[in-house]
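Quick notes on the structure that follows.
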Amino acid sequence: MKALVVDDSAVMRKVLIGALSRANITDVDQAADGAEAVQKVQENDYDIILLDWNMPNMLGIDALKAIRAMGKTMPIIMVTTEAEKSRVLEALKAGATNYVIKPFEPNTIIGKIQEVLSKAKAQ
Amino acid sequence: MQMKVENINPFIESVYDLFSTMLNAKVERKTVGIAKTANPRDIMALIGISGRVRGMVALAFPVSTALAMVSKLLGTEIKVIDDTVSDAIAEMVNIVAGGAKARMNKGDEPPLDLSLPTVVRGGDFSVEYPTNTVWLEINFDSELGPFVLRVTFESQKE
């Protein structure tokens, strides 16, 4: 199981890597912006992506659209401070599998990771 | 000065959210007033908000509070102010501003936009806002130490 964590905050990436580890996912790549994420997705196969929205170079929402345009179907969870309903709907419409609003309790993100992976496995 | 209480409460609620979720620590709002000193603390993270209203939000900490908060966030003891601490408090102001702007969002209005956060370190800096607005200052005390939230806004419609 391989994951990609995308956030311009190194500390937040560390927090999310910790959550993935608690969901038994320890093979994790990191990207600091949307453009780097798209490049890594072109070069690697990931089973799950955790994706921030507000980042330099390329926003997470644009990276999400680019990744889905490649035909990639892995679960992508947006993990962002963008909490307005219109933002959530925009992300889901663009192909986000789930949406977690910062700040979050550790168990919330772990639960979402397990939930989307379980659904992906069942499909 | 275009500061309104309705614009302040969402930020206070966001601070409470941050502490109850990611920091798992008690926090209490203390005094609220007009900021009188240019530099309230040792390390400060700022973020801009634009759209229907335009403003800035800042979280400022003494070193001890910043270290305690980042240690709690990462679950490991951080002893010196370094890039990790700067990164973490930048993310905290991002989270506080993001939560507040969602609370300020009304109906079908387009969401406000956030800039990327900036961090200023050291005891010899001042922060001024290039309009005739003023900074409102909300002092907090917490299990992790005291800190200050500053907010300034001007309405684009006024």
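Protein chains in written order, with the working numbering: chain A, 1 to 123; chain B, 1001 to 1158. No residue lacks a Cβ here, since even glycine has one placed at the ideal position from N, Cα and C. All figures in this text were calculated on a predicted structure; none of them were measured in a lab.
- At a cut-off of 8 Å between beta-carbon atoms, MET12 (chain A) makes contact with chain B.
- Nearest C-alpha to ARG22 (chain A) among A:LYS121, A:ASP7, A:ILE109: A:ILE109.
- Distance from the CA of VAL1015 (chain B) to the CA of VAL1096 (chain B), rounded to the nearest whole angstrom, comes to 6 Å.
- Sequence-ordered contacts of the stretch 1097-1112 of chain B with chain A read GLY1098, GLY1099, ALA1102, ASN1105, PRO1111 [C-beta pairs closer than 7 Å].
- For a cut-off of 8 Å, the C-beta gap from ARG1041 (chain B) to VAL1148 (chain B) is around 6 Å, short enough to register as a contact.
- Taking a beta-carbon distance threshold of 8 Å, ARG87 (chain A) counts as an interface residue toward chain B.
- Legend: CB atoms of the stretch 9-36 of chain A lying less than 8 Å from CB atoms of chain B belong to residues SER9, ALA10, VAL11, MET12, LYS14, VAL15, GLY18.
- In the structure shown, the three-state DSSP call for ALA32 (chain A) is coil.
- Taking a cut-off of 8 Å for Cβ pairs, the stretch 35-49 of chain A and the stretch 10-19 of chain A do not touch, as fewer than three such pairs fall below it.
- Apart from the 5 residues on each side of it in sequence, LEU59 (chain A) sits with its Cβ closer than 8 Å to the Cβ of GLY34, TRP53 in its chain, given in chain order.
- Within chain B, no residue has its beta carbon less than 8 Å from that of ASN57 (chain A); the closest one is some 11 Å off.
- Here the alpha carbon of PRO106 (chain A) sits roughly 16 Å from the alpha carbon of ALA1088 (chain B).
- The straight-line gap separating the alpha-carbon atoms of GLU1028 (chain B) and VAL116 (chain A) is approximately 36 Å.
- Interface flag for PRO75 (chain A) against chain B is unset, since no Cβ pair is found closer than 8 Å.
- Taking CB atoms only, ALA1090 (chain B) has a neighbour in chain A less than 8 Å away.
- If you compare the alpha carbons of B:GLY1075, B:LYS1101, B:THR1065 with that of PRO1010 (chain B), the shortest gap goes to B:LYS1101.
- For ASP62 (chain A), the enclosing alpha helix (DSSP H) covers residues 60-69.
- Straight-line spacing of the CA atoms in LEU1144 (chain B) and ARG68 (chain A) works out to 42 Å.
- The beta carbon of ALA1090 (chain B) is closer than 6 Å to those of ALA1045, PRO1117, VAL1119 in its chain, skipping five residues each way along the sequence.
- Listed along chain A, the residues sitting closer than 8 Å to LEU1074 (chain B) by beta-carbon distance are VAL11, LYS14, VAL15.
- The three-state reading of DSSP puts ASN57 (chain A) in coil, since its state is none of H, G, I, E or B.
- Look at GLY1033 (chain B) here: in three-state DSSP terms it is strand.
- Runs of the beta strand (DSSP E) spanning 3 or more residues and lying entirely within the stretch 68-118 of chain A occur at 76-80, 98-101, in chain order.
- Of A:VAL28, A:VAL11, A:ALA96, the smallest CA-CA separation from MET1 (chain A) is found for A:VAL28.
- Of the residues A:VAL5, A:THR80, A:SER9, A:ALA37, the one whose Cα lies closest to the Cα of VAL1085 (chain B) is A:SER9.
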